[in-house]
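Asks: I'd like to ask some things about the structure below.
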Ligand code: NAD
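In my numbering, the protein residues as written are 40 to 361.
And the structure:
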């Protein structure tokens, strides 16, 4: 097959897999298999930019929803993250930052929770809106259906605040949910990520609260207050009793980054929720602005993905539905 046709084929396959993953919450292949095909497409597009397609998944975040739920345009776009799989990639990223800023920038290393990204808005001290990431430009309004246990309805801050965070289902809740579903002959969820995502739109509030969803804020997209650093913005969230992950390390050199990545990897399986890696972010907000964004991800952050727990591409034997 020639290159142009292979690119078309990969775009079609990956878009089909993304629909199953993001919209139906029932992946057709493992993340490892998806990432392998994605990398093949990315490499081909780099080599043959003349064949890059408009609907290529390398150009878009997630996928557009086209169901009955009200769609809301994000005031500030929601981005994905550049992925890396080796410490060499992280060193390259850090070197890139060094060249840009002329110094070793302070970065944070945080757990990368394996859930679904949400945008949450507070205004006048009240929780106003919860929206899914969708395609990054607009997402689904789940304010009235999402039941998230640890997300306060009221906070003391009275200004406008737009947060980014990950909604997760704790591993123990996931196991119990699948056990009950199995006993009742209902289809099982593939993993806590799909279960969390599929639980956000339940109409039955009792059922929704039994899913015990939790959210962890990992950034502020907008606040009437200005913050000099990412960590200062998270401290502000903590002061407002908003749930923020406790696993964050501030590092000032690549060796400190390596150590933090190792610390997170070592604790990975003992955490109460799934993580699929760590995220490294430039801490200073002015430096973030200077590094900027691509159409898909910030240039001031990168995800370091740990090896997948199970490399199964045979997911088809389980049917996952809400
Ligand atoms: P991603 O999950 O690799 O990374 C971006 C996301 O990380 C953010 O949107 C956010 O939700 C999350 N995140 C968690 N902790 C964070 C933190 N501390 N700071 C910032 N963000 C944090 O990217 P994606 O675009 O959501 O998904 C792409 C991945 O999804 C692929 O690499 C693939 O593994 C998987 N996928 C799988 C299939 C499949 O069929 N199996 C299909 C599509 C996508």
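Backbone N, C-alpha and C fix where the C-beta goes; we use that ideal spot for every residue, glycine too.
Would you report the Cα separation of residue 68 and residue 115, rounded to the nearest angstrom?
Replies: Position 29 of the chain shown, counting from 1, holds the residue named residue 68. Position 76 of the chain shown, counting from 1, holds the residue named residue 115. Whole-angstrom Cα-Cα distance: 31 Å.
Asks: For the ligand NAD, is there a heavy atom less than 6 Å away from the beta-carbon of residue 151?
Replies: The residue given as residue 151 occupies position 112 in the chain shown. Yes, the ligand NAD has a heavy atom inside 6 Å of this Cβ.
Asks: Within the present structure, is the beta-carbon of residue 57 separated from the nearest heavy atom of the ligand NAD by less than 6 Å?
Replies: Reading the chain shown from its first residue, position 18 is the one you call residue 57. Residue 57 Cβ: within cutoff of the ligand NAD.
Asks: Suppose contacts are defined by Cβ-Cβ distances below 7 Å. Is residue 146 in contact with residue 286 by that definition?
Replies: Position 107 of the chain shown holds residue 146. Position 247 of the chain shown holds residue 286. No; because the gap between Cβ atoms is not below 7 Å, this pair is not in contact.
Asks: For residue 88, does the count of other Cβ atoms within 10 angstroms reach 16, so buried, or fall short, so exposed?
Replies: In the chain shown, the residue the question calls residue 88 occupies position 49. Exposed.
Asks: Does the distance from the C-beta atom of residue 314 to that of residue 283 stay below 7 Å?
Replies: The residue you call residue 314 lines up with position 275 of the chain shown. The residue you call residue 283 lines up with position 244 of the chain shown. No; because the gap between Cβ atoms is not below 7 Å, this pair is not in contact.
Asks: Please say whether residue 316 and residue 345 have beta carbons closer to each other than 7 Å?
Replies: The sequence position of residue 345 within the chain shown is 306, counting from 1. The sequence position of residue 316 within the chain shown is 277, counting from 1. Yes, these two residues count as a Cβ contact at 7 Å.
Asks: So what does DSSP say about residue 167, is it helix, strand or coil?
Replies: By one-based count along the chain shown, residue 167 stands at place 128. Residue 167 falls in the strand class under three-state DSSP.
Asks: At which residue ranges does the stretch 125-178 contain complete alpha helix (DSSP H) runs of 4 or more residues, listed in the order of the chain?
Replies: Fully enclosed alpha helix (DSSP H) runs of 4 or longer: 126-140.
Asks: Considering only their Cβ atoms, is the gap separating residue 64 from residue 272 smaller than 7 Å?
Replies: The residue labelled residue 272 in the question sits at position 233 within the chain shown. The residue labelled residue 64 in the question sits at position 25 within the chain shown. No, Cβ-Cβ distance for residue 272 and residue 64 is not below 7 Å.
Asks: Once DSSP output is grouped into helix, strand and coil, what is the label at residue 351?
Replies: Walking along the chain shown from the start, residue 351 turns up at place 312. The pLDDT assigned to residue 351 is 42, lower than 50, so where the model puts this residue is not dependable; a value taken from the coordinates is nonetheless given after this. Three-state DSSP puts residue 351 in coil, outside helix and strand.
Asks: What's the C-alpha gap between residue 162 and residue 262?
Replies: Counting from one through the chain shown, the residue named residue 162 turns up at place 123. Counting from one through the chain shown, the residue named residue 262 turns up at place 223. Spanning the two alpha carbons is a distance of roughly 10 Å.
Asks: Do you know offhand how far residue 144's Cα is from residue 341's?
Replies: As a position in the chain shown, residue 144 is number 105, starting the count at 1. As a position in the chain shown, residue 341 is number 302, starting the count at 1. Spanning the two alpha carbons is a distance of roughly 14 Å.
Asks: Cβ of residue 179 within 7 Å of Cβ of residue 104?
Replies: For the purposes of this step, residue 179 is taken as the residue at position 140 of the chain shown. For the purposes of this step, residue 104 is taken as the residue at position 65 of the chain shown. Cβ atoms of residue 179 and residue 104: closer than 7 Å.
Asks: Take residue 95 and list the residues in its own chain whose beta-carbon comes closer than 6 Å to its own, dropping the five residues that flank it on each side.
Replies: In the chain shown, residue 95 corresponds to position 56, counting from 1. Contacts found: 50.
Asks: Quick check: does the Cβ of residue 235 come within less than 6 Å of any heavy atom belonging to the ligand NAD?
Replies: Start at 1 with the first residue of the chain shown, and residue 235 comes out as number 196. No, the beta carbon of residue 235 sits no closer than 6 Å to any heavy atom of the ligand NAD.
Asks: Within 6 Å: the Cβ of residue 66 and any heavy atom of the ligand NAD?
Replies: For the purposes of this step, residue 66 is taken as the residue at position 27 of the chain shown. It does: the Cβ of residue 66 is within 6 Å (strictly closer) of some heavy atom of the ligand NAD.
Asks: If you follow the alpha helix (DSSP H) that residue 306 is part of, which residue opens it and which one closes it?
Replies: Looking up residue 306 in the chain shown gives position 267. Looking at the DSSP string, the run of the alpha helix (DSSP H) that includes residue 306 is 293-306.
Asks: With DSSP run on the structure shown, which of helix, strand or coil describes residue 180?
Replies: Counting from 1 along the chain shown, the entry for residue 180 is found at position 141. In the structure shown, residue 180 sits in a strand (DSSP, three-state: E or B).
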